[in-house]
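Since the structure comes first, as structure tokens, the remarks are kept for the end.
In this note's numbering, the protein residues as written are 2 to 188.
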């Protein structure tokens, strides 16, 4: 069994929520975003946990930078070789290549992952993304340009997009298919 190490970060922009970063000796293994309702359930998550270990420290530093609004290129090593299927890993790699300030539809992502007719399967692979933010699944939209879903909730998807400098007048806004985020109102 692998030794895993975790840290909890509490970026101010996530209000009562936060994220847990888990690493192995090889690299980042999982990022979990969560919202915490006020009350007894949140007591254990009130403070951030200081990272120990070089990989965890680097990963936490990059994520802190991202949530502070910096334009971060994630360079921490990743440990996902034993996670998901080969198809899911191809989709996650295609997610990683979506630049900040742009989006892709599930169909476009399917083509980039080498399976142009598998948009629905790509949606399922995106939903199983073990590293949200690092593999920016929040930058994927439905074929009609609507925001679509997000495993961590659409309100968090909107928050992440706004953190990247994008603002929607209404979360139901639909940019034209193939458009880039610059088609939306910039904040």
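Where is the CB? At the ideal position from N, CA and C, for every residue including glycine.
- In the DSSP annotation of this structure, the continuous segment of the beta strand (DSSP E) that includes residue 8 starts and ends at 6 to 10.
- In the DSSP assignment, residue 18 forms no beta bridge with any residue.
- When the beta-carbon positions are compared, residue 127 and residue 157 stay at least 8 Å from each other.
- Residue 65 and residue 131 do not touch by the CB rule: their CB atoms are close to 20 Å apart, not below 8 Å.
- Rounded to whole angstroms, residue 144 and residue 124 show a C-alpha spacing of 11 Å.
- Straight-line spacing of the CA atoms in residue 54 and residue 154 works out to 31 Å.
- A distance below 8 Å separates the beta carbons of residue 19 and residue 10.
- Beta-bridge partners assigned by DSSP to residue 23: 7 and 31.
- Residue state for residue 136 is assigned as strand, using DSSP reduced to three classes.
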